[in-house]
Structure formats: C-alpha cells, structure tokens
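Novice: Below is one structure. I have some questions about it.
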Amino acid sequence: MSEKNAHVVCPHCQATNRVPDSKLSAAPNCGKCAKPLLTATPHELNAQTVSKVIQKNEVLTIVDFWASWCQPCLMMAPEFKIAASQLPQIVFAKIQTDKYEQAAAPYNIRSLPTMVAFKNGKEIARQSGALPSHQIVQWVQSLK
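So for the sequence shown, full-length UniProt numbering puts the first residue at 1; every next one is plus one.
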C-alpha cells in the first residue's frame, strides 16, 4: 500500500513539491531550492504567485486579503503572523489587494481584511474582519 502525498508550493522558488503526508510535520524542504516548504510565517503573494499557491497546494492554505490603507488589516497583520507560528503545518499567505487588484478579483473579496481557506485548489471557508491570533487559530483548527 503506497503512502498518500500532498503537493506543496515552495514559498521561496514556487516549485511544486510532492511530500508524503507523514513527512509534513517533519519540516520538509523544497527539492529544488532546499529551503523550508512550511515556514510557520505568512509569505507575500503577488500577481504571478497567487493562483499557483492557491491552485497547487493540497495542504490547507489560509490567504489574508488585505490593503495598505485598511486600518483593521494593519492591526490584524501581527496577529496573523502569530497564528501562522502556532500552526506550522498550515500554509499562511497574504495578498495586498490594492497592489494586485486583478490577482485578487477572482476571489470576490467584498470586505477587508478577509481570510480565505483553500484546500486542493478549492475555497472551503472564509472569515471577514480583523481577529486576534487565538481566534484565527481556532477558526483554522475548525477547518481540519
């Protein structure tokens, strides 16, 4: 019986890696650049990377849609980072909607900040409004 694998997009070089599920908690490295695949910190997405990270990651991926002019977004940023550090097997990413409007448009974001959970390229949940880190962690854990 073969082991189940998950595809994980490297936050450093954007290579898609196939990782055995049993190795996801063992801090796997990218096969191309050898840097950590799961960083326990949010990484910034841009117009070129947003769809690949969302579509190709088979692990739970939480994307924070935010804008530089949004005070609640700025207040939540450090809380999002704390939550990411507490959930190292989850991919946390951010996309700045005022900088990459076209990249964020397909996700129908109506208010900021909005966190959207994706798995296997599909949206499975969303949460609008700024939250403290413990509530972000609770929300993400409820999705597993």
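Beta carbons are placed, not taken as given, at the ideal position from N, Cα and C, and that holds for glycine.
The structure presented is a predicted model; accordingly, all values stated were derived computationally and were not measured.
Quick check: Ala40 and Val19, are their CB atoms within less than 9 Å of each other?
Specialist: Not in contact: Ala40 and Val19 (Cβ atoms no closer than 9 Å).
Novice: Between the C-alpha atoms of Leu37 and Trp69, what's the straight-line distance to the nearest angstrom?
Specialist: Cα-Cα distance, rounded: 30 Å.
Novice: Go through its chain and collect everything with a Cβ distance to Lys81's Cβ below 7 Å, but skip five positions before and after it.
Specialist: Cβ within range, chain order: Thr41 and Pro42.
Novice: If we ignore side chains and look at the alpha-carbon of each, how far apart do Gln90 and Arg126 end up?
Specialist: Residue identity check: residue 90 is Ile in the sequence provided, not Gln. Approximately 15 Å between the Cα atoms of the pair.
Novice: Nearest-angstrom Cα distance between Gln138 and Lys23?
Specialist: Computed Cα separation, rounded: 24 Å.
Novice: First and last residue of the alpha helix (DSSP H) that includes Trp139?
Specialist: Ser133 to Ser142 is the extent of the alpha helix (DSSP H) around Trp139.
Novice: Which whole-angstrom value is the C-beta distance of Ala47 and Ala103, which I expect to be below 8 Å?
Specialist: The Cβ separation is near 4 Å, so the contact holds.
Novice: If Val140 and Leu87 are in contact, beta carbons under 8 Å, what's the gap, nearest whole angstrom?
Specialist: That belief holds up - the Cβ atoms of Val140 and Leu87 are roughly 6 Å apart, short of 8 Å.
Novice: Looking at the structure shown, is Ser128 part of a helix, part of a strand, or coil, going by DSSP?
Specialist: Of the three classes helix, strand and coil, the one that applies to Ser128 here is strand, per DSSP.
Novice: For Thr97, list the residues DSSP reports as bridge partners.
Specialist: Answer is none; Thr97 lacks a bridge partner.
Novice: Which word fits Leu143, buried or exposed, when buried means at least 16 other C-beta atoms lie within 10 angstroms of its C-beta?
Specialist: So Leu143 counts as exposed.
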